[in-house]
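One point on numbering: in the numbering used here, the residue at position 1 of the sequence shown is 462, and numbering is uninterrupted.
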Amino acid sequence: MVFDAVSELRLFLVVFISIYTLVIFLYVLTSWVRLPYSLNPLQRFLYEVCEPYLRLWRRVIPSVGPLDLSPMVAIIALLVVEQLIERKL
Numbered sequence: 462m463v464f465d466a467v468s469e470l471r472l473f474l475v476v477f478i479s480i481y482t483l484v485i486f487l488y489v490l491t492s493w494v495r496l497p498y499s500l501n502p503l504q505r506f507l508y509e510v511c512e513p514y515l516r517l518w519r520r521v522i523p524s525v526g527p528l529d530l531s532p533m534v535a536i537i538a539l540l541v542v543e544q545l546i547e548r549k550l
């Protein structure tokens with residue numbers, strides 16, 4: 462029973478990290494283009510979901526002019542955590 466719970470937790474975390482990575486990609490893409498007014502709720506949702514996590518990385522990473530590297534570093538960190546989860550659990 463315990464082994465099954467651990468594998469379910471691992472699966473949940475891997476799926477969560479994959480979806481969150483996709484959400485960060487969508488957030489970055491929508492920040493580059495001006496969306497129609499009807500899609501503002503989507504853009505607001507992506508902002509509210511991604512900004513707290515990205516803000517953590519912006520505190521650590523110095524800005525490089527107008528280029529924001531925090532999404533790239535945040536995604537790399539998520540992928541590293543995903544690899545650790547798959548190997549350890």
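Ideal Cβ positions, reconstructed from N, Cα and C, are used throughout, including at glycine. As the structure is a computational prediction, the values presented were derived from the model and not from experiment.
Item checked: Which of helix, strand or coil DSSP assigns to Val525 -> Val525: strand per DSSP, three-state reduction.
Notebook entry, point to check: How long is the line joining the alpha carbons of Val489 and Pro497, rounded to whole angstroms?
Noted result: Using only the alpha carbons, I get a separation of about 16 Å.
Check: Would you say the region 522-535 touches the region 468-480, given that touching needs at least three Cβ pairs under 8 Å?
Finding: Too few Cβ pairs lie closer than 8 Å, so no.
Next item on the list: Using beta-carbon positions only, say whether Ile478 and Val534 come within less than 8 Å of one another.
Entry: No, these two residues do not count as a Cβ contact at 8 Å.
Next item on the list: Within 10 angstroms of the Cβ of Ile485, are there 16 or more other Cβ atoms? Answer buried if so, exposed if not.
Entry: With 16 or more Cβ atoms within 10 Å of its Cβ, Ile485 is classed as buried.
Margin query: Looking at Thr491: is its Cβ nearer than 8 Å to the Cβ of Leu507?
Written below: It is a contact, given that the beta carbons lie within the stated cut-off.
Margin query: Quick check on the DSSP output: the alpha helix (DSSP H) that includes Pro532 runs from which residue to which?
Written below: Element bounds for Pro532: 531-549.
Checklist line | Residue burial classification, Ser531 (beta-carbon count within 10 angstroms, cutoff 16) | finding: So Ser531 ends up on the buried side.
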